[in-house]
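S.K.: Sharing a structure, written as structure tokens. Questions coming.
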Amino acid sequence: MGIILANSKDAQVVHKLMLQAFKEYEHATPPSSALSETVESIEQALNNGQQAFISYMEDQHVAMVRFTLSNQGIYFFRLSVIPEKQGQGLAKALIVELENYARAQGKRISECKVRMNVPRNIELYRSLGYVITKETIGENRNGFSLPIVTMEKKL
Numbered sequence: 068m069g070i071i072l073a074n075s076k077d078a079q080v081v082h083k084l085m086l087q088a089f090k091e092y093e094h095a096t097p098p099s100s101a102l103s104e105t106v107e108s109i110e111q112a113l114n115n116g117q118q119a120f121i122s123y124m125e126d127q128h129v130a131m132v133r134f135t136l137s138n139q140g141i142y143f144f145r146l147s148v149i150p151e152k153q154g155q156g157l158a159k160a161l162i163v164e165l166e167n168y169a170r171a172q173g174k175r176i177s178e179c180k181v182r183m184n185v186p187r188n189i190e191l192y193r194s195l196g197y198v199i200t201k202e203t204i205g206e207n208r209n210g211f212s213l214p215i216v217t218m219e220k221k222l
């Protein structure tokens with residue numbers, strides 16, 4: 068397995084991986100906003116400070132995570148592993164890479180937000196040392212209330 072730091076030319080790969088991974092949330096209430104993103108919106112984000120890691124196995128792209136850096140930390144989101152490769156440690160490997168990258172940039176905190184109704188994701192982050200620091204109710208653009216937790220880890 069390898070992991071590369073993406074650039075804006077990789078927007079199509081990032082988009083494809085994200086759609087494959089988030090397809091399971093297509094009928095969630097509300098559906099994930101990841102499903103309405105486009106290659107163009109991702110390319111624009113990658114040109115404007117957002118970054119991403121892409122993981123591959125035997126020349127096949129299998130996972131990715133997007134992130135931004137702030138003064139003190141790193142915020143990651145849209146962690147995506149294609150369905151047929153889930154449960155093989157790819158998400159954990161990406162998070163380890165992300166944390167190492169953040170430390171190398173002098174960052175001290177890693178943070179993400181997770182839907183409360185997806186306990187397996189909360190447990191994944193807990194297993195890596197993340198703790199819930201905040202619970203909020205986010206308003207989705209479709210008018211649905213969405214219980215969300217913020218999880219953090221000191222690096």
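Start counting the sequence shown at 68; every next residue gets the next number (this note's numbering).
Here a beta-carbon is modelled for each residue, glycine too, at the ideal position from N, C-alpha and C.
(1) Count the other CB atoms within 10 Å of the CB of Asp126; is the residue buried (16 or more) or exposed (fewer)?
(2) Distance, Cα to Cα, Met218 vs Ala171?
(3) Just reading off the beta strand (DSSP E) that Leu146 is part of, what are its end residues?
(4) Could you please give the first and the last residue of the uninterrupted alpha helix (DSSP H) stretch that includes Lys83?
(5) Take Lys159 as the anchor and find which of Leu113, Tyr92, Met131 and Asn74 has the nearest alpha-carbon.
(6) One question on the structure: do Leu157 and Val129 come within less than 8 Å of each other, judged by their Cβ atoms?
(7) Would DSSP call Lys174 helix, strand or coil?
(8) Starting from Glu219, follow the alpha helix (DSSP H) in both directions and report where the run begins and ends.
(9) How would you label Lys220, buried or exposed, when you count the other beta carbons within 10 angstroms and need 16 or more for buried?
M.R.: Reading from the atomic positions:
(1) exposed
(2) 21 Å
(3) Gly140 to Val148
(4) Ala78 to Phe89
(5) Met131
(6) yes
(7) coil
(8) First-last for Glu219: Ser212 to Lys221, but that is the beta strand (DSSP E), not the alpha helix (DSSP H).
(9) buried
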